[in-house]
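Written out below as structure tokens is the structure these notes cover.
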Amino acid sequence: MSELAEVGASHLPQLFYSVLPSTPPAPVSLEIGTAKKAEESITRVISETKGLSTLLTSSTKQIVITVRQL
Numbered sequence: 047m048s049e050l051a052e053v054g055a056s057h058l059p060q061l062f063y064s065v066l067p068s069t070p071p072a073p074v075s076l077e078i079g080t081a082k083k084a085e086e087s088i089t090r091v092i093s094e095t096k097g098l099s100t101l102l103t104s105s106t107k108q109i110v111i112t113v114r115q116l
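According to the numbering used here, the residues represented by the sequence shown are 47 to 116, in order.
Shown next as structure tokens:
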């Protein structure tokens, strides 16, 4: 075996360790699921907050119009 082949062959085990598994281990999967749920919750809260902000803005404008009419 040539010296170059020996050097190449010596790196093969490292290649197997550097390849990520196609499915993450169970604890990682649980953490990913938890993170996704948290992201969905945050997105929902932001959406609800925007809706509430729009509602409050409309209500405030209506109050200002009513007060000006008085």
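By construction, the Cβ of each residue, glycine as well, lies at the ideal position given by its N, Cα and C atoms. In this text, all values refer to a predicted model and were calculated from it rather than measured experimentally.
Inter-residue spacing [alpha-carbon to alpha-carbon] between residue i and residue j
i	j	result
Ala72	Ala84	18 Å
Ser105	Thr95	15 Å
Val91	Thr100	14 Å
Lys82	Ser93	16 Å
Gln108	Leu98	15 Å
Ser87	Ser75	18 Å
Residues near residue i in its chain [Cβ-Cβ closer than 6 Å; skip 5 each side]
i	result
Arg114	none
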